[in-house]
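A short write-up of the structure that comes next.
This is the structure:
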């Protein structure tokens, strides 16, 4: 696993969902309440405004995408004038209830692709926490080819709902999330994590720790892995990540353990081994120090029980 994949896997809950909305109405506006997750909008036809709860309005044209990684309250409107005051509030989890009756694409003047991801903010990776409240990705000819391809494929799946859509749609939504965050990381001029993942020394150290977090890492072994001295590794890593390599490793091991406790029925001894601890006792001590509760109590509180789904049910 790489850092971005691990960061998203640590907070993902359930399956993402999406829908295409069309309208020929004028003067519409809708306020979407805060959501415990992330949401996105991609304009397919026409234009609209996104008005975040804090910050300037953002105009979206055809092909433009906007990601709200923290589920920030915002308004969608065809015109920014008085849109905040006039917008009808809709809970983000019910964003498909916006006052946009389903009409034929042939008569629509405005069409938008909307989606959402449920996220568990407990143990959130700092890469995810560092994302801005709103990421605007304007369309540019010949740019972000992967993102544009994923958007096109998702649109086709939502239109046709062919065999396998229950798997295809969530998979394409996952791709959209990765591509939107990747675009921000590539183009961002601020933030520690875009710099950390492009710094060859820090990126190599992170890659090693995430590839095998259970390995018996020491600062000497990690320095040898990255091909630099201990002092150089510690200085570069701490400056870009905000903590020394071994402190980050301990934090990531415990975060990974929390995900395993939440999502699996593996015994504590197995989880301890998977995150680099020789005994359940040593693991339990480290886990309790970070989370303020024992692994057993954490599992009791946070265990997710999967809900069976019909294999051929339409994706949400």
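In the working numbering, the protein residues as written are 62 to 377.
From the three backbone atoms N, C-alpha and C, an ideal C-beta is built for every residue, glycine too.
Here the structure is a predicted model, which is why all the values come from computation and not from measurement.
Thinking just about the alpha-carbon of each residue, which of 352, 335 and 323 is nearest to the one in residue 312? Within the chain shown, numbered from 1, the residue matching residue 312 stands at position 251. It is 352.
For residue 178: DSSP bridge partner residues: Residue numbering aside, residue 178 sits at position 117 when the chain shown is read from its first letter. DSSP, once it has assigned bridges, lists 99 as partnering residue 178.
Burial state of residue 207, where buried means 16 or more other Cβ atoms lie within 10 Å: In the chain shown, counting from the first residue as 1, residue 207 sits at position 146. With fewer than 16 Cβ atoms within 10 Å of its Cβ, residue 207 is classed as exposed.
On the DSSP letters alone, give me the boundaries of the alpha helix (DSSP H) that residue 76 sits inside. On the chain shown, residue 76 is found 15 positions in, with the first residue counted as 1. No alpha helix (DSSP H) holds residue 76; the beta strand (DSSP E) holding it covers 73–84.
Can you check DSSP and say which residues form a bridge with residue 138? The residue given as residue 138 occupies position 77 in the chain shown. For residue 138, which the question treats as bridged, DSSP gives the partners 90 and 110.
Assign residue 120 to one of three DSSP states: helix, strand, or coil. Here residue 120 corresponds to residue number 59 of the chain shown, with the count starting at 1. Three-state DSSP puts residue 120 in a strand.
Kindly indicate the opening and closing residues of the beta strand (DSSP E) around residue 129. The residue labelled residue 129 in the question sits at position 68 within the chain shown. 126–129 is the extent of the beta strand (DSSP E) around residue 129.
Can you name the start and end residues of the alpha helix (DSSP H) that residue 346 belongs to? In the chain shown, residue 346 corresponds to position 285, counting from 1. 341–352 is the extent of the alpha helix (DSSP H) around residue 346.
Spell out the partners DSSP gives residue 271 in its beta bridges. Here residue 271 refers to the residue found at position 210 when the chain shown is read from its first residue. Answer is none; residue 271 lacks a bridge partner.
Considering residue 198, what are the terminal residues of the beta strand (DSSP E) in which it resides? Along the chain shown, read from residue 1 onward, the residue named residue 198 stands at position 137. Segment 196–198, the beta strand (DSSP E) holding residue 198.
Please report the straight-line C-alpha distance between residue 363 and residue 181, rounded to a whole angstrom. Taking the first residue of the chain shown as position 1, residue 363 is located at position 302. Taking the first residue of the chain shown as position 1, residue 181 is located at position 120. Approximately 10 Å between the Cα atoms of the pair.
Per-residue DSSP class, three states only, for residue 374: For the purposes of this step, residue 374 is taken as the residue at position 313 of the chain shown. Legend: pLDDT at residue 374 = 31, less than 50; position of this residue unreliable, value from coordinates given subsequently. Residue 374: coil per DSSP, three-state reduction.
Length of the line joining the Cα atoms of residue 197 and residue 127: For the purposes of this step, residue 197 is taken as residue 136 along the chain shown, with counting starting at 1. For the purposes of this step, residue 127 is taken as residue 66 along the chain shown, with counting starting at 1. Rounded to the nearest angstrom, the two C-alpha atoms are 5 Å apart.
Roughly how far, in whole angstroms, is the beta-carbon of residue 136 from the beta-carbon of residue 91, given that I think they are within contact range, below 8 Å? Counted from its first residue, the chain shown places residue 136 at position 75. Counted from its first residue, the chain shown places residue 91 at position 30. Contact flag correct, Cβ pair sits at about 7 Å.
Could you have a look at residue 173 and say whether DSSP puts it in helix, strand or coil? Numbered from 1 along the chain shown, position 112 holds the residue referred to as residue 173. Strand.
Got a sec, what are the start and stop residues for the alpha helix (DSSP H) residue 210 sits in? Taking the first residue of the chain shown as 1, we reach residue 210 at position 149. Note, residue 210: alpha helix (DSSP H), 206–221.
Closest Cα partner of residue 296 within the set 211, 317, 260 and 113: For this step, residue 296 is matched to residue 235 along the chain shown. Of the listed residues, the one whose Cα sits closest to residue 296 is 260.
Taking the alpha helix (DSSP H) that residue 52 falls in, what are its first and last residues? Outside the shown range of the chain, which is 62 to 377, sits residue 52, and nothing can be said about it.
So what does residue 104 bridge to, in DSSP terms? The residue you call residue 104 lines up with position 43 of the chain shown. DSSP lists 173 as partners of residue 104.
Excluding the 5 residues flanking residue 190 on each side, which residues of the same chain have their C-beta closer than 6 Å to its C-beta? By 1-based counting over the chain shown, the position of residue 190 is 129. Correct list: empty, nothing qualifies.
8 Å contact criterion, which residue 307 and residue 280 should meet: CB distance rounded: Along the chain shown, read from residue 1 onward, the residue named residue 307 stands at position 246. Along the chain shown, read from residue 1 onward, the residue named residue 280 stands at position 219. Going by Cβ atoms, the distance from residue 307 to residue 280 rounds to 6 Å, so yes, they are a contact pair.
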